[in-house]
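Peer 1: Below is one structure. I have some questions about it.
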Amino acid sequence: MRVNFVLSEVATGLRRNLTMTVAMILTTAISLGLMGTGLLIAGMISEMKEIYYDKVQVSIFLAPEVTEEQRAAIQQELESSTEVASFVYESQAEAYERFRQQFSQQPELVENTPADALPESFRVELVNPERYEVIAAEFPNGENGVDQVRDEGEFLDRLFSLLNGARNATIAVAVVQALAALLLISNTIQLAAFNRRNETNIMRLVGASRWYTQLPFILEAAIAGLIGGLLAAGGLILTKVLFIDRTLAGPIRAGIIPQVEWDAIIWNSVIVSGVGVALAGIAAYVTLRLYVRL
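Under the numbering used here, the first residue of the sequence shown is numbered -7, with each subsequent residue one higher.
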């Protein structure tokens, strides 16, 4: 009997404040959708770091006037270094051949590049890719046959800084939207409680507890938050189907960016739905305790 009464009160409240309920659901859905997107970006960044940092190489480009003794000394130092996992020597001819293969679709560029334009080099894989400074210190630029030392990780750092910025911006917008949703939930609950103050006063007079009179309002907010979370989850599914699996299909097949698996979509959908329910329920409870006397 009590359960039926509470559920009927919840349905009545949702119908009575339909426009504000819809606004609350949409605002919550947008904030949770942005949060879910931020979580997906964070997961992709983490996987991209594992993919790319394992392949980072340090290139030691040799000067044109390097001698055989200097080249041998560099190779010996690389072989004895505990920071070096492996290395390969690339001659000018090998460098030029690799250049031709990489830019085979731009024949004019290849034709205008002389064979001796690319320097010979040692391509080094480090035990810890983040310790590039150690190798740079061991082989100073312009000394002992070394022209310059270049770390591919510098580009990756800039790339991941950009991606981290996109993730942080998405989460920041999600936080702003969540604050707007909290304020809207609070206003909706206050209005609903005011419209039904006579009913709740009568219930209190006949012995109903404060928790019993507050429960329908909390459930109204929680249901609205759940619907918003489900809409956000639907948005994540559409993002995978329409954007990730189609627009990003080429870069994913090429291994440039990692695939977003369905388990990540499902897990993030569960998270945003749970957050939606908790966010709305807690906001309603706090509003009733602080601003409404039921």
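Using N, Cα and C, we set each Cβ at its ideal position, and we do this for glycine too. As the structure is a prediction and not an experimental result, all values here were calculated from the model.
1) For the pair the stretch 22 to 34 and the stretch 253 to 260, tell me if three or more CB-CB distances fall below 8 Å.
2) With a floor of 3 residues, list each beta strand (DSSP E) that falls wholly inside the stretch 247 to 277, ordered by position along the chain.
3) Are the CB atoms of V76 and V48 within a distance shorter than 9 Å?
4) Restricting to Cα atoms, I'd like to know which of A216, G268, D143, N136 is closest to A65.
5) Pull the bridge partners of V50 from the DSSP assignment, please.
6) Quick one: residues in its chain with C-beta nearer than 8 Å to the C-beta of T13, no 5 flanking neighbours on either side, listed in chain order?
7) Excluding sequence positions up to five away, which residues of its chain have a Cβ less than 8 Å from the Cβ of I37?
8) Grouping DSSP H, G and I as helix and E and B as strand, with all else coil, what is N136?
9) State the Cα-Cα distance for the pair V269 and L207, rounded to the nearest angstrom.
10) Where A21 and S178 are concerned, what is the direct C-alpha to C-alpha distance, given to the nearest angstrom?
11) Please report the straight-line C-alpha distance between A224 and P250, rounded to a whole angstrom.
12) For I127, tell me which candidate among S113, A214, G134, D143 has the shortest Cα-Cα distance.
13) If contacts are defined as beta-carbon pairs under 8 Å, then M27 and V233 qualify, I think. What distance do you get, rounded to the angstrom?
14) Would you report the Cα separation of I17 and I219, rounded to the nearest angstrom?
15) Considering only their Cβ atoms, is the gap separating L24 from A166 smaller than 9 Å?
16) Considering only residues of the same chain and omitting the five flanking positions on each side of A214, which have a CB-CB separation below 8 Å?
Peer 2: The answer reads as follows:
1) yes
2) none
3) Translated into the one-based positions of the sequence shown, residue 48 becomes position 56. Translated into the one-based positions of the sequence shown, residue 76 becomes position 84. Not in contact: V48 and V76 (Cβ atoms no closer than 9 Å).
4) Within the sequence shown, the letter at position 73 stands for residue 65. Answer by Cα proximity: N136.
5) Residue 50 sits at position 58 when you count from the first residue of the sequence shown. V50 is bridged to V116, D143.
6) To locate residue 13, count along the sequence shown from 1; it is residue 21. So the list reads L6, T180, E212, A216, once near-sequence residues are dropped.
7) Counting from 1 along the sequence shown, the entry for residue 37 is found at position 45. Contacts found: F152, L155, N156, R159.
8) Within the sequence shown, numbered from 1, the residue matching residue 136 stands at position 144. Three-state DSSP puts N136 in coil, outside helix and strand.
9) Mapped onto the sequence shown, residue 269 falls at position 277. Mapped onto the sequence shown, residue 207 falls at position 215. So the alpha carbons of these two residues sit roughly 14 Å apart.
10) Position 29 of the sequence shown, counting from 1, holds the residue named residue 21. Position 186 of the sequence shown, counting from 1, holds the residue named residue 178. About 16 Å.
11) Mapped onto the sequence shown, residue 224 falls at position 232. Mapped onto the sequence shown, residue 250 falls at position 258. Taking the straight line joining both Cα atoms gives about 22 Å.
12) The residue you call residue 127 lines up with position 135 of the sequence shown. Nearest of S113, A214, G134, D143 to I127, Cα basis: D143.
13) For the purposes of this step, residue 27 is identified with residue 35 of the sequence shown, where counting begins at 1. For the purposes of this step, residue 233 is identified with residue 241 of the sequence shown, where counting begins at 1. Rounded, the Cβ-Cβ distance is 20 Å, inconsistent with contact.
14) For the purposes of this step, residue 17 is identified with residue 25 of the sequence shown, where counting begins at 1. For the purposes of this step, residue 219 is identified with residue 227 of the sequence shown, where counting begins at 1. Using only the alpha carbons, I get a separation of about 7 Å.
15) On the sequence shown, residue 166 is found 174 positions in, with the first residue counted as 1. On the sequence shown, residue 24 is found 32 positions in, with the first residue counted as 1. Contact flag set, yes.
16) As a position in the sequence shown, residue 214 is number 222, starting the count at 1. Hits under 8 Å: V269, A272, G273, A276.
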